[in-house]
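Notes for the one structure printed next.
Chains as they are written, first to last, in UniProt numbering: chain H, 1 to 123; chain Z, 1 to 123.
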């Protein structure tokens with residue numbers, strides 16, 4: 001079976017996460033081989049947390065799980081794209097997407113919707 | 001001005017590239033600070049090629065430039081999302097998107113359109 005080349009990124013590959021229903025890019029996270037296999041096995045997006053150095057089932061704390069609807073792999077086999085059904089907010093700040101700030105000449109604008117107060121989710 | 005934190009990724013951050021017109025994710029590339037500033041200055045997506053170890057104006061060989069329409073930055077400030085107007089194919093294999101292969105249980109399907117023969121573009 002076609003599998004990402006984890007060696008290229010020293011064991012980790014970036015996974016782009018896109019909303020299956022409307023194409024919005026929600027976040028980018030990293031996967032090691034264990035996270036990759038777990039994602040395939042469970043159908044729930046699972047990553048490797050670089051800050052916590054541990055396997056991270058997205059939503060295990062917040063309840064904001066990602067059900068994987070489609071996986072595509074890039075030409076170099078060192079990046080994957082997950083199309084997911086996102087429950088709640090993808091971003092730990094409470095915004096729907098982690099990419100909630102637009103940079104234009106000299107200023108920053110908020111372009112995503114804040115769905116939840118993170119203090120209500122991460123206790 | 002809000003700028004990505006290049007230090008976190010040892011000088012490089014991932015840039016997700018999305019088609020401005022239809023939301024299709026086209027590719028992922030890397031930027032160092034020079035590439036970031038060049039992109040802002042010129043409005044043409046410019047990356048750092050990890051394989052060639054040099055600044056890479058996307059399209060300089062193929063003619064398949066990317067005109068940047070919007071830049072958003074993620075919560076951790078270590079990933080950017082570019083919405084671009086893509087001329088021709090984003091992928092060096094000739095496909096519109098680098099993510100042209102869908103992985104399903106045990107098999108791989110082609111899900112993007114091959115626009116050009118790479119031999120006609122990279123001479």
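All residues carry an ideal CB built from backbone N, CA and C; glycine is no exception. Treat the numbers as computed from the prediction; the structure is a model and nothing was measured.
- Within the same chain, and ignoring the five residues on either side of residue 113 (chain H) in sequence, the residues whose Cβ sits closer than 6 angstroms to its Cβ are 96.
- In this structure, the CA atom of residue 21 (chain H) is about 29 angstroms from the CA atom of residue 31 (chain Z).
- Distance from the Cα of residue 122 (chain Z) is smallest, within the candidate group Z:89, Z:62 and Z:108, for Z:62.
- Where residue 85 (chain H) is concerned, there is no enclosing alpha helix (DSSP H), although the beta strand (DSSP E) around it starts and stops at 80–86.
- In terms of beta-carbon proximity, residue 84 (chain Z) stays away from the interface with chain H, with every pair separated by 8 angstroms or more.
- Bounds of the beta strand (DSSP E) holding residue 55 (chain Z) are 54–57.
- Using a C-beta cut-off of 8 angstroms, the segment 53–70 of chain Z makes no contact with the segment 77–89 of chain H, since fewer than three inter-stretch Cβ pairs fall below that distance.
- The C-alpha of residue 80 (chain Z) is placed about 24 angstroms away from the C-alpha of residue 39 (chain H).
- Beta-bridge annotation (DSSP): residue 14 (chain Z) is paired with Z:30.
- Between residue 11 (chain Z) and residue 78 (chain Z), the C-beta gap is not smaller than 8 angstroms, which leaves the two residues out of contact.
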